[in-house]
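Notes for the one structure printed next.
Residue numbers (the numbering used here): 252 to 711.
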C-alpha cells in the first residue's frame with residue numbers, strides 16, 4: 252500500500268493535465284461547430300480521450316491522497332465525486348465525438364457542463380489546500396461584497412486596552428493569516444485545527460502544541476526554527492514576522508489565555524511598543540481620570556457653586572472632571588455651603604479645602620465624591636473621626652493633612668485608601684512610630700511627615 256500512498260502525492264501534478272486537455276477539447280469542439288468546413292472531429296475526439304485517461308489518473312491519485320486525512324470531509328466528498336463525474340463526462344464526450352457528429356445537442360450541452368464542472372471541482376480543490384476564502388480575499392471590493400466576504404483583521408485599530416482580548420483581537424488574526432491554510436475547519440493537517448479554539452488547545456496527532464510558556468510550546472518551536480528545516484511553519488507563503496513571533500511568544504508566556512484583556516496580563520516594554528505600532532493600542536497604565544468618563548457639569552450648576560464661594564474649572568480640555576477650590580475664606584462658612592458640591596460629586600477629581608476651617612462633619616460630603624483623586628484639607632481642625640468619612644475614596648491618590656489634629660489612631664483608616672500614593676501628615680500628632688506602622692501597612696505610599704517647625708516668637 253505504500254506505493255499507492257506515494258502515488259497519491261502526485262495528484263497536484265496530475266490534475267493540471269486533464270484540465271488543460273479538456274478545456275482545449277471543448278474549445279476545439281465549439282470551433283468545429285462554428286466552422287463546419289474545418290474537419291476537427293478527430294482532434295476533438297483525441298483530446299477528450301487523453302483528457303479522460305489523465306483525469307482518471309488524477310482522480311485515482313486524489314483518492315489515495317485523501318486517505319492521509321486532514322481535510323474537511325464535506326469538501327473532500329464534493330471534490331471527489333465531482334472529479335469522478337468529470338471523468339465520466341469526458342468518457343461520454345469521447346465516445347460521442349469519435350463518431351464525428353459534434354453538433355448534436357447532447358455533446359454540445361455536455362461540453363458546457365464539463366467546463367463548469369471543472370471550474371467547481373478545481374475551486375473545491377483549491378479551497379482544501381489554500382483555505383475557503385482564498386479566491387475572494389484578494390478580489391476587488393465589489394466581488395467581496397457580492398460574496399459577503401468579511402476580511403480577516405490585519406492591523407485592526409484597538410481603541411480600548413480594557414476591552415481588547417489578547418487571543419481574539421491580537422493572536423487569532425495572526426494565526427488566521429499564517430496558519431489556517433493548513434490547520435482550519437476545512438483542512439486539518441497533522442490532525443491540528445487552529446480555527447476551532449477548543450480543538451486548537453487539544454492539539455493534533457502528535458499531542459498539544461500549546462504549553463504554559465513559549466519555550467515549551469511546539470507552536471513556538473515551529474515558527475522560530477531554521478526556515479530550511481522540514482518542520483518549519485508555515486511551510487509555504489510568508490513566515491511570521493519578528494513582531495508576530497514576539498506577540499505569539501508573549502501570549503504563550505502569559506499562559507495562552509483565551510479570554511483575558513490586554514490590561515490583565517503583563518506587557519513588557521517591547522510588547523507595548525509592538526501593540527502601539529500595529530494596533531494603535533496604548534497599554535501603558537492610565538490614571539483613573541483618563542479611563543473614566545463622566546457627564547459635563549451644566550452651566551447652571553457651575554454658577555450656583557461659584558455663588559457659594561467655590562472656584563470650579565475643568566482640569567483639562569479632554570475631560571469633564573473638575574477642580575474645585577474654596578476661595579471665599581473670610582465671609583462665608585464652608586461647612587454650611589459644602590453640600591452644594593454633592594451636585595457634582597462624580598465630576599470632582601481635585602478638591603482644595605485647605606485653610607477653610609473645615610470640620611469633621613463636613614467631610615461626610617467629601618466622602619461621597621467617588622472619583623476624587625487629589626484632596627487638600629490641610630490647616631484645618633480635622634481629627635481622627637473625620638478621617639473615617641474618607642475610607643471609601645478608592646481612587647484617592649494624594650491627601651494633604653498637614654497641620655491638622657490627626658494622630659496615630661487614624662492609621663487603620665488611612666491604610667484603607669488603597670490607591671493612595673502620597674500622604675502629607677507633617678505637623679500633626681502622628682508619632683514616628685505611627686508613621687513607621689503606616690508605612691508598613693501601605694508600603695507603596697510616600698508619607699511626608701514627622702517634622703515640627705517652630706513658630707517664630709514675637710520680639711515684643
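Cβ coordinates follow ideal geometry from the N, Cα and C atoms, glycine included.
Any idea if residue 506 is buried or exposed, counting beta-carbon neighbours within 10 angstroms, 16 or more meaning buried?
-> Working through the chain shown from its first residue, we reach residue 506 at position 255. Classification for residue 506: exposed.
Would you report the Cα separation of residue 661 and residue 575, rounded to the nearest angstrom?
-> Position 410 of the chain shown, counting from 1, holds the residue named residue 661. Position 324 of the chain shown, counting from 1, holds the residue named residue 575. Counting only the Cα atoms, residue 575 lies some 26 angstroms from residue 661.
Please determine, among 442, 582, 357 and 667, the residue with the shortest C-alpha to C-alpha distance to residue 694.
-> Mapped onto the chain shown, residue 694 falls at position 443. Selected option, being the one with the closest Cα: 667.
Residue 692 (DSSP reduced to helix, strand or coil) = Translated into positions along the chain shown, residue 692 becomes position 441. Three-state result, residue 692: helix.
Segment contact flag, the stretch 553-570 with the stretch 445-465, C-beta cutoff 8 angstroms, min 3 pairs | no
Put residue 636 into one of helix, strand or coil per three-state DSSP.
-> In the chain shown, the residue the question calls residue 636 occupies position 385. In this structure, residue 636 counts as helix in the three-state DSSP scheme.
Can you give the Cα-Cα distance for residue 316 and residue 256, rounded to whole angstroms?
-> Counting from 1 along the chain shown, the entry for residue 316 is found at position 65. Counting from 1 along the chain shown, the entry for residue 256 is found at position 5. Using only the alpha carbons, I get a separation of about 7 angstroms.
Return helix, strand or coil for residue 327, following the three-state DSSP convention.
-> Locating residue 327 in the chain shown gives position 76, counting from the first residue. Secondary structure at residue 327: helix, using DSSP grouped into helix, strand and coil.
Determine the closest residue to residue 632 out of 625, 605, 334 and 641, with distance taken between C-alpha atoms.
-> Within the chain shown, residue 632 is the residue found at index 381, counting from 1. Residue 632 has its Cα closest to that of 605, out of 625, 605, 334 and 641.
For residue 458 versus residue 434, is the C-beta spacing smaller than 9 angstroms?
-> Indexing the chain shown from 1 puts residue 458 at position 207. Indexing the chain shown from 1 puts residue 434 at position 183. Result no, Cβ atoms of residue 458 and residue 434 do not sit closer than 9 angstroms.
What residue does the beta strand (DSSP E) around residue 479 start on, and which one ends it?
-> Stepping through the chain shown from its first residue, residue 479 is reached at position 228. No beta strand (DSSP E) contains residue 479, which DSSP labels as neither H nor E.
Where residue 477 and residue 483 are concerned, what is the direct C-alpha to C-alpha distance, given to the nearest angstrom?
-> Counting from one through the chain shown, the residue named residue 477 turns up at place 226. Counting from one through the chain shown, the residue named residue 483 turns up at place 232. Cα-Cα distance, rounded: 7 angstroms.
C-beta atoms of residue 637 and residue 607 nearer than 9 angstroms = Taking the chain shown and counting its residues from 1, one reaches residue 637 at position 386. Taking the chain shown and counting its residues from 1, one reaches residue 607 at position 356. No, they are not a contact pair.
Nearest to residue 485 (by Cα), restricted to the options 588, 658 and 427 = Residue 485 sits at position 234 when you count from the first residue of the chain shown. Of the candidates 588, 658 and 427, the one whose C-alpha sits nearest the C-alpha of residue 485 is 427.
Return the residue from the list 278, 696, 277 and 500 that minimises the CA-CA distance to residue 466.
-> To locate residue 466, count along the chain shown from 1; it is residue 215. If we check each option's Cα against that of residue 466, 500 comes out closest.
Endpoints, the beta strand (DSSP E) within which residue 601 is located | The sequence position of residue 601 within the chain shown is 350, counting from 1. Counting along the chain, the beta strand (DSSP E) containing residue 601 begins and ends at 599-603.
Assigned exposure category for residue 520 - 16 Cβ within 10 Å defines buried = Counted from its first residue, the chain shown places residue 520 at position 269. Exposed, by the Cβ-count rule.
Can you name, in chain order, every residue of its own chain whose Cβ lies under 8 angstroms from the Cβ of residue 277, other than the five neighbours on each side?
-> As a first step, residue 277 must be located in the chain shown, where it is residue number 26. Here the set comprises 362, 363, 365 and 366.
Measure the C-alpha to C-alpha separation of residue 496 and residue 430 and round it to an integer number of angstroms.
-> Residue 496 sits at position 245 when you count from the first residue of the chain shown. Residue 430 sits at position 179 when you count from the first residue of the chain shown. Counting only the Cα atoms, residue 430 lies some 13 angstroms from residue 496.
What did DSSP end up calling residue 253 once you bin it into helix, strand or coil?
-> Stepping through the chain shown from its first residue, residue 253 is reached at position 2. DSSP places residue 253 in helix when its eight states are reduced to three.
Who are the near neighbours of residue 526 in its chain, counting only those whose CB is closer than 6 angstroms to its CB and skipping five residues on each side?
-> Taking the chain shown and counting its residues from 1, one reaches residue 526 at position 275. The answer, listed in chain order, is 532 and 534.
Jot down the residue ranges of each uninterrupted alpha helix (DSSP H) in the stretch 407-471, minimum 4 residues, whole runs only, in chain order.
-> Those alpha helix (DSSP H) runs which fall completely within the stretch 407-471 and span 4+ residues are 423-429 and 448-453.
Thinking C-alpha only, which one of 368, 354 and 629 is nearest residue 269?
-> Mapped onto the chain shown, residue 269 falls at position 18. Of the candidates 368, 354 and 629, the one whose C-alpha sits nearest the C-alpha of residue 269 is 368.
First and last residue of the beta strand (DSSP E) that includes residue 650?
-> Residue mapping note: residue 650 aligns to position 399 of the chain shown, counting from 1. Per DSSP, residue 650 belongs to the beta strand (DSSP E) from 649-651.
Mind checking who residue 492 pairs with in its DSSP beta bridge?
-> The sequence position of residue 492 within the chain shown is 241, counting from 1. According to DSSP, residue 492 bridges with nothing at all.
State the Cα-Cα distance for the pair residue 627 and residue 514, rounded to the nearest angstrom.
-> As a first step, residue 627 must be located in the chain shown, where it is residue number 376. As a first step, residue 514 must be located in the chain shown, where it is residue number 263. Straight-line Cα distance between these residues: approximately 31 angstroms.
Own chain residues within Cβ distance below 6 angstroms of residue 594, not counting five before or after = Taking the chain shown and counting its residues from 1, one reaches residue 594 at position 343. Once the five neighbours on either side are set aside, the close Cβ partners of residue 594 are 552.
Cα-Cα, which of 548, 649 and 356 is closest to residue 675?
-> Start at 1 with the first residue of the chain shown, and residue 675 comes out as number 424. Out of 548, 649 and 356, 649 has the C-alpha closest to the C-alpha of residue 675.
Assign residue 640 to buried or exposed, taking buried as 16 or more other Cβ atoms, counted over all protein chains shown, within 10 Å of its Cβ.
-> What you label residue 640 is simply residue 389 of the chain shown in a count that begins at 1. Its Cβ being crowded by 16 or more others within 10 Å, residue 640 is buried.
Extent of the continuous alpha helix (DSSP H) run through residue 720 | This structure gives no information on residue 720, because the portion of the chain shown stretches from 252 to 711.
Exposed or buried, what is residue 393 when buried is set at 16 or more other beta-carbons lying within 10 Å of its beta-carbon?
-> The residue labelled residue 393 in the question sits at position 142 within the chain shown. That one is exposed.
CB residue 522 to CB residue 491, shorter than 9 angstroms?
-> Residue numbering aside, residue 522 sits at position 271 when the chain shown is read from its first letter. Residue numbering aside, residue 491 sits at position 240 when the chain shown is read from its first letter. Contact flag unset, no.
Do you know offhand how far residue 463's Cα is from residue 453's?
-> For the purposes of this step, residue 463 is identified with residue 212 of the chain shown, where counting begins at 1. For the purposes of this step, residue 453 is identified with residue 202 of the chain shown, where counting begins at 1. Roughly 13 angstroms between the two C-alpha positions.
Can you say whether residue 554 is buried or exposed, counting buried as having 16 or more other CB atoms within 10 angstroms of its CB?
-> Here the question's residue 554 lines up with position 303 in the chain shown. By the 10 Å Cβ count, residue 554 comes out exposed.
Can you have a look at residue 600 and say buried or exposed, based on whether 16 or more other CB atoms are within 10 angstroms of its CB?
-> Locating residue 600 in the chain shown gives position 349, where the first residue counts as 1. Label assigned to residue 600: buried.
Considering only residues of the same chain and omitting the five flanking positions on each side of residue 418, which have a CB-CB separation below 6 angstroms?
-> In the chain shown, counting from the first residue as 1, residue 418 sits at position 167. Answer for residue 418: 509, listed in chain order.
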